[in-house]
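Peer 1: There's a structure below that I have some questions on.
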Amino acid sequence: QVQLVESGGGLVQPGGSLRLSCAASGSIFSIDAMVWYRQAPGKERELVAGITRSGSTNYADSVKGRFAISRDNAKNAVYLQMNNLKPEDTDVYYCRMTINAFERWGQGTLVTVSS
3 QVQLVESGGG LVQPGGSLRL SCAASGSIFS IDAMVWYRQA PGKERELVAG
53 ITRSGSTNYA DSVKGRFAIS RDNAKNAVYL QMNNLKPEDT DVYYCRMTIN
103 AFERWGQGTL VTVSS
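For the sequence shown, our numbering assigns the number 117 to the last residue and increments by one with no breaks.
Here's what the structure looks like:
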């Protein structure tokens, strides 16, 4: 069985930084796209950043220049470096991976940006 475990969320002041991690484990033969989403209560889930197997990336306009997505294929992991955080970045962040042609989701990690 494939599992995704996220870590790295927490409370940070505006202007601060956090690094989220998401690692997959289990019977893994291939991982294609890796994507970070975020969702606030009562709102739709929003795509934050994505990275393909070859390393091509895309970002939501709201995070361009502040967030950076990366992946380590040897560790089956994806990361999200978040800099210059703003209060509006407060959300639960989820990773999604396409593993063995199926989409898998992490459990979510809460990021709170507040002074």
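We treat Cβ as the ideally placed atom computed from N, Cα and C, and that holds for glycine.
Residue 46 by DSSP, collapsed to three states: which one?
Peer 2: coil
Peer 1: What first and last residue would you give for the beta strand (DSSP E) that runs through residue 71?
Peer 2: 69–74
Peer 1: Report the residue from 77, 10 and 63 whose alpha carbon sits nearest the alpha carbon of residue 52.
Peer 2: 63
Peer 1: Where do the ends of the beta strand (DSSP E) carrying residue 179 lie?
Peer 2: Outside the shown range of the chain (3 to 117) lies residue 179, about which nothing can therefore be said.
Peer 1: If you draw a straight line from the C-alpha of residue 26 to the C-alpha of residue 79, how long is it?
Peer 2: 6 Å
Peer 1: Can you find the residues in the same chain that come closer than 6 Å, C-beta to C-beta, to residue 40, ignoring five residues on each side of it along the sequence?
Peer 2: Cβ neighbours of residue 40 beyond the five flanking positions: 48, 50, 93 and 95.
Peer 1: Name the one or two DSSP bridge partners that residue 79 has.
Peer 2: 25 and 74
Peer 1: What residues in its chain sit with their C-beta under 7 Å from that of residue 107, if we drop five residues either side in the sequence?
Peer 2: 6, 96 and 98
Peer 1: Can you find the residues in the same chain that come closer than 6 Å, C-beta to C-beta, to residue 34, ignoring five residues on each side of it along the sequence?
Peer 2: 55 and 100
Peer 1: Checking 8 Å against the spacing of the C-beta atoms, do residue 19 and residue 87 come in under that value?
Peer 2: yes
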